[in-house]
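Protein chains in written order, with our numbering: chain A, 1 to 190; chain B, 1001 to 1190; chain C, 2001 to 2241.
What follows is a set of notes on a single structure, which appears directly below.
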Amino acid sequence: MILISVLESLLFTSGEPLSLEILVKASGEAEAEVKKALEELKKRYEEETSGLTLFEHDETYQILSKATNQMSVQKLVSGVFEEKLTSTALECLTIVAYRGPIGRSQIDLIRGVNSGYILHQLVLRGLVERRNNPNRSNAFLYSITANYLKHLGLSRIEELPHYEEYHTKDLQALLNDVTSTGLEPVKASE
Amino acid sequence: MILISVLESLLFTSGEPLSLEILVKASGEAEAEVKKALEELKKRYEEETSGLTLFEHDETYQILSKATNQMSVQKLVSGVFEEKLTSTALECLTIVAYRGPIGRSQIDLIRGVNSGYILHQLVLRGLVERRNNPNRSNAFLYSITANYLKHLGLSRIEELPHYEEYHTKDLQALLNDVTSTGLEPVKASE
Amino acid sequence: MMSFVVTLEKFSGPLELLLKLIEEKHLEITEISLSSVTEDYLAWVAQVKGDYMENVADFLQVAATLLLIKSRSILPTLEVTSEEKEEIIDLQARLALYKLFKDLGLNLANSWSLQPKMFGRPSWVGKTIVFTPPKEIRAKNLTEACQLIFQKLESQLILQPPEAAIRLPVISLQDKIASILGRLAAAKSKIHFNSLNGEVAREEILITFLALLELLKDNKVKVQQDDLFGEIEVESAENIN
Chain A
1 MILISVLESL LFTSGEPLSL EILVKASGEA EAEVKKALEE LKKRYEEETS GLTLFEHDET
61 YQILSKATNQ MSVQKLVSGV FEEKLTSTAL ECLTIVAYRG PIGRSQIDLI RGVNSGYILH
121 QLVLRGLVER RNNPNRSNAF LYSITANYLK HLGLSRIEEL PHYEEYHTKD LQALLNDVTS
181 TGLEPVKASE
Chain B
1001 MILISVLESL LFTSGEPLSL EILVKASGEA EAEVKKALEE LKKRYEEETS GLTLFEHDET
1061 YQILSKATNQ MSVQKLVSGV FEEKLTSTAL ECLTIVAYRG PIGRSQIDLI RGVNSGYILH
1121 QLVLRGLVER RNNPNRSNAF LYSITANYLK HLGLSRIEEL PHYEEYHTKD LQALLNDVTS
1181 TGLEPVKASE
Chain C
2001 MMSFVVTLEK FSGPLELLLK LIEEKHLEIT EISLSSVTED YLAWVAQVKG DYMENVADFL
2061 QVAATLLLIK SRSILPTLEV TSEEKEEIID LQARLALYKL FKDLGLNLAN SWSLQPKMFG
2121 RPSWVGKTIV FTPPKEIRAK NLTEACQLIF QKLESQLILQ PPEAAIRLPV ISLQDKIASI
2181 LGRLAAAKSK IHFNSLNGEV AREEILITFL ALLELLKDNK VKVQQDDLFG EIEVESAENI
2241 N
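As structure tokens, then:
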């Protein structure tokens, strides 16, 4: 195990500030060693080719994006916001509107692809919100926000055109791909 | 502005995978430059003192913690559930991984049996994704997901053993090969 | 950490079964080895339970080819059409291809970890939600998008319902053997192979043929075929003795 690498992994995945105590426990190394490695990491981040910085406050540590890159980061954040809704984002929003409250896996199943990134964007834009799924811990259910509903000029979700029809339609049968039974002669080329 | 530093900041802040296109836009640099800097970042992360990995899937990039630090990080990350594989799932995933994007009929052909149900399960578990086949409107193409690669600890699909060999040959050529070479294609586990 | 669980409680497809049988005998994939596992394969298929109903057609199709191979090994003079010959070569090649991916998969199984090995971080940490509705979207755009999504899903369904492939007459080997013996006893003389089959479904002919092979092996019947492609005549061994 390489301590500095482990510490970087830990701090990276957490996102939140981590106390020295937690870092010591999670890495299983002595406090002095951990402190030394953190100093080293800090120094490494000071190189101008690094985009990260090790923020230390009150014996807690957190990796942050380097302040000098603030402009580009801001551009990314606002660019992401200002962009028109892409067709995939619209698809995602539609599924949440008509089928919500709906879990991630169901959305993925309907779209066939991972929708994590898009859902996140929709949440950040205040169009979609997520709540804990009462039936499954660690799972979320997504629905349209009241704000967005208002923005569409609707006072309740049921006012969406054809809401009843698409909300209740049985999806299970549609989601099984039954194109062929296979065992065609091998000649069939791709 | 130091491009590699900016890119690291962008990827770090997003957390989610970012496409090359977005990285080009947000950094304001030429695509070729961005690509070069990403390669450099990747190399830097490959140093054993680094705790990060530059993960590449489906023309998007994401920073992840290093696979070798799995044990330490796992303790910190809650709510990851275990993905057991049956032999059928493994078989199907392998075909999709090496041959994807691949249609259902091709998967059925290789497995000799209808794969509709297992594919449905794998999509539901986020290990496989399906898209519309651009050449045939009523068929899907299946590929493996980033999630699948994360379970294997690979930072890109090309790292699969013998990927190039078994991905690029067409099925007929592969059939000719396995038939003529005395049928001992894969041996060493890597 | 490398916890990989293979559940082999059943065979997911005919190629998996076939490969298992061949590998158990440490054989290479050749026509001869296929011939040598034909009976085991058919015996397994004959016991097929409800679990396999959906895949029965796939299993039987391979069984038909195996029987062709077997017949060729028993009757070296048997002429096969070029189409049948292709079928035999095809099965060998497909089995080899299947084995290739099976082996690749077993390689990967070693590196599979029950939990992901790499983790991301919470995205957009510290970025707060700013209500930014897209200007161009109206409720009717959502409705149109929804119609499109369902249309797309519906277009994937082919017209032929999957049940059509499933509804095959499933005749167990044991039943067939009993039925043949019963009819031979009743007839007290030679009967024609074709009369042993009900509706002429390929699968039933196959099972009948298999039942006859079993009965021959146990010396319970005698068969006679005068010409190539001629009628096969079947007689109870008891009638002769």
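For each residue, glycine too, the CB sits at the ideal point set by N, CA and C.
### Query
If we call anything under 8 Å between Cβ atoms a contact, is LEU1052 (chain B) one with VAL1034 (chain B)?
Locating residue 1052 (chain B) in the second sequence gives position 52, where the first residue counts as 1. Locating residue 1034 (chain B) in the second sequence gives position 34, where the first residue counts as 1. Not in contact: LEU1052 (chain B) and VAL1034 (chain B) (Cβ atoms no closer than 8 Å).
### Query
Count the other CB atoms within 10 Å of the CB of LEU2108 (chain C); is the residue buried (16 or more) or exposed (fewer)?
The count along the third sequence starts at 1 and reaches residue 2108 (chain C) at position 108. Looking at its Cβ environment, which holds 16 or more other Cβ atoms inside 10 Å, LEU2108 (chain C) is buried.
### Task
Note down the Cα distance separating GLU1158 (chain B) from HIS151 (chain A), rounded to an integer number of angstroms.
On the second sequence, residue 1158 (chain B) is found 158 positions in, with the first residue counted as 1. On the first sequence, residue 151 (chain A) is found 151 positions in, with the first residue counted as 1. Distance between the alpha carbons of GLU1158 (chain B) and HIS151 (chain A): 46 Å.
### Range of the contiguous alpha helix (DSSP H) that encloses GLU8 (chain A)
For this step, residue 8 (chain A) is matched to residue 8 along the first sequence. Counting along the chain, the alpha helix (DSSP H) containing GLU8 (chain A) begins and ends at 3–14.
### Message
I'd like to know if GLU1059 (chain B) contacts chain C, where contact means its C-beta is closer than 8 Å to some C-beta of that chain.
### Response
Here residue 1059 (chain B) is taken as the residue at index 59 of the second sequence, counted from 1. It does not; no Cβ of chain C falls within 8 Å.
### Query
Listing by chain order, which chain B residues have their CB less than 9 Å from the CB of ARG2094 (chain C)?
As a working mapping, residue 2094 (chain C) is identified with position 94 in the third sequence. Ordered by position in chain B, the residues that pass the 9 Å Cβ test against ARG2094 (chain C) are LEU1109, ILE1110, GLY1112 and LEU1175.
#### Entry: Sufficient close CB pairs (3 or more, under 8 Å) joining the segment 1009–1025 of chain B to the segment 2116–2126 of chain C
yes
### Proximal residues of chain C, C-beta to C-beta of ILE118 (chain A) below 8 Å
Taking the first sequence and counting its residues from 1, the one referred to as residue 118 (chain A) is at position 118. What ILE118 (chain A) touches in chain C: nothing, since even the nearest Cβ is about 12 Å away.
### Task
Give the range of the alpha helix (DSSP H) segment to which LYS1035 (chain B) is assigned.
Here residue 1035 (chain B) refers to the residue found at position 35 of the second sequence. Looking at the DSSP string, the run of the alpha helix (DSSP H) that includes LYS1035 (chain B) is 1031–1046.
### Query
Which residues of chain C have a Cβ atom closer than 8 Å to the Cβ of LEU154 (chain A), listed in chain order?
Taking the first residue of the first sequence as 1, we reach residue 154 (chain A) at position 154. Near LEU154 (chain A) (Cβ distances below 8 Å), the residues of chain C are ALA2139.
### Message
Closest to LEU160 (chain A) by C-alpha separation, out of A:PRO134, A:ASN132 and A:THR94, would be which residue?
### Response
Mapped onto the first sequence, residue 160 (chain A) falls at position 160. Of the candidates A:PRO134, A:ASN132 and A:THR94, the one whose C-alpha sits nearest the C-alpha of LEU160 (chain A) is A:THR94.
### Message
Need the endpoints of the alpha helix (DSSP H) that PHE2101 (chain C) sits in, please.
### Response
As a first step, residue 2101 (chain C) is located in the third sequence; it is residue number 101 there, counting from the start. 2082–2109 is the span of the alpha helix (DSSP H), which, as asked, contains PHE2101 (chain C).
### Query
Straight-line CA distance for GLY973 (chain B) to LEU1076 (chain B)?
Outside the modelled stretch of chain B, which goes from 1001 to 1190, sits residue 973 (chain B), for which no answer is possible.
### Query
Cα separation between VAL2130 (chain C) and HIS120 (chain A)?
Taking the first residue of the third sequence as 1, we reach residue 2130 (chain C) at position 130. Taking the first residue of the first sequence as 1, we reach residue 120 (chain A) at position 120. Those two C-alpha atoms are separated by around 13 Å.
### Message
Suppose the cutoff is 6 Å on Cβ atoms and the five residues either side in sequence are ignored; what does the same chain contact list for ILE1110 (chain B) look like?
### Response
Numbered from 1 along the second sequence, position 110 holds the residue referred to as residue 1110 (chain B). Closer than 6 Å at Cβ, skipping near neighbours: ILE1095.
### Query
Do you know offhand how far HIS1162 (chain B)'s Cα is from TYR2098 (chain C)'s?
Indexing the second sequence from 1 puts residue 1162 (chain B) at position 162. Indexing the third sequence from 1 puts residue 2098 (chain C) at position 98. Rounded to the nearest angstrom, the two C-alpha atoms are 16 Å apart.
### Message
For a contact defined as C-beta to C-beta under 8 Å, what are the partners of GLN2151 (chain C) on chain B?
### Response
Counted from its first residue, the third sequence places residue 2151 (chain C) at position 151. Those within 8 Å of GLN2151 (chain C) in chain B number zero; the least Cβ separation is about 11 Å.
### Whether LYS2070 (chain C) touches LEU2019 (chain C) by CB criterion (8 Å)
As a first step, residue 2070 (chain C) is located in the third sequence; it is residue number 70 there, counting from the start. As a first step, residue 2019 (chain C) is located in the third sequence; it is residue number 19 there, counting from the start. No.
### Message
So if I threshold CB-CB distances at 9 Å, which residues from the segment 1007–1022 of chain B count as touching chain A?
### Response
LEU1007, GLU1008, SER1009, LEU1010, LEU1011, PHE1012, THR1013, SER1014, GLY1015, GLU1016, PRO1017, LEU1018 and ILE1022
### Query
When the distance is taken between beta carbons, is ILE2032 (chain C) closer than 8 Å to LEU2095 (chain C)?
By 1-based counting over the third sequence, the position of residue 2095 (chain C) is 95. By 1-based counting over the third sequence, the position of residue 2032 (chain C) is 32. It is not a contact, given that the beta carbons lie outside the stated cut-off.
### Message
Do SER2035 (chain C) and LYS2025 (chain C) count as a contact pair if the criterion is CB distance below 8 Å?
### Response
Working through the third sequence from its first residue, we reach residue 2025 (chain C) at position 25. Working through the third sequence from its first residue, we reach residue 2035 (chain C) at position 35. Not closer than 8 Å, so no.
### Neighbour flag for ASN1135 (chain B) against chain A, beta carbons, 8 Å
As a working note, residue 1135 (chain B) is residue 135 in the second sequence. It does not; no Cβ of chain A falls within 8 Å.
### Task
Look at SER2113 (chain C) and GLN1062 (chain B) and say whether their C-beta atoms are less than 8 Å apart.
Position 113 of the third sequence holds residue 2113 (chain C). Position 62 of the second sequence holds residue 1062 (chain B). Contact flag unset, no.
### Of the residues C:LEU2017, C:LYS2152 and C:ASN2055, the one placed nearest ARG1131 (chain B), counting alpha carbons only
Here the question's residue 1131 (chain B) lines up with position 131 in the second sequence. That would be C:LYS2152, whose Cα lies nearest to the Cα of ARG1131 (chain B).
### Query
Under a Cβ-count criterion, where at least 16 other Cβ atoms within 10 Å of its own Cβ denotes burial, should PRO2014 (chain C) be classed as buried or exposed?
Against the third sequence, residue 2014 (chain C) aligns to sequence position 14. With 16 or more Cβ atoms within 10 Å of its Cβ, PRO2014 (chain C) is classed as buried.
### Task
Please compile the residues from chain C whose C-beta is within a distance smaller than 9 Å of the C-beta of TYR148 (chain A).
As a first step, residue 148 (chain A) must be located in the first sequence, where it is residue number 148. Under the 9 Å cutoff, chain C gives PHE2131 and PRO2133.
### Query
Which whole-angstrom value describes the C-beta separation of PRO2133 (chain C) and TYR166 (chain A), a residue pair presumed to lie in contact below a C-beta threshold of 8 Å?
Along the third sequence, read from residue 1 onward, the residue named residue 2133 (chain C) stands at position 133. Along the first sequence, read from residue 1 onward, the residue named residue 166 (chain A) stands at position 166. Going by Cβ atoms, the distance from PRO2133 (chain C) to TYR166 (chain A) rounds to 21 Å, so no, they are not a contact pair.
### Task
Mind listing the chain A neighbours of ILE1004 (chain B)? Cutoff is C-beta to C-beta under 8 Å, in chain order.
In the second sequence, counting from the first residue as 1, residue 1004 (chain B) sits at position 4. Ordered by position in chain A, the residues that pass the 8 Å Cβ test against ILE1004 (chain B) are THR49 and GLY51.
### Task
Following the continuous beta strand (DSSP E) through HIS1120 (chain B), name the residue where it begins and the one where it ends.
Start at 1 with the first residue of the second sequence, and residue 1120 (chain B) comes out as number 120. Careful: HIS1120 (chain B) lies outside any beta strand (DSSP E), inside the alpha helix (DSSP H) at 1116–1124.
### Task
Please name the residue or residues paired with TYR1142 (chain B) in a DSSP beta bridge.
Residue 1142 (chain B) sits at position 142 when you count from the first residue of the second sequence. Note: TYR1142 (chain B) sits in a beta bridge opposite B:ILE1102 and B:ARG1130.
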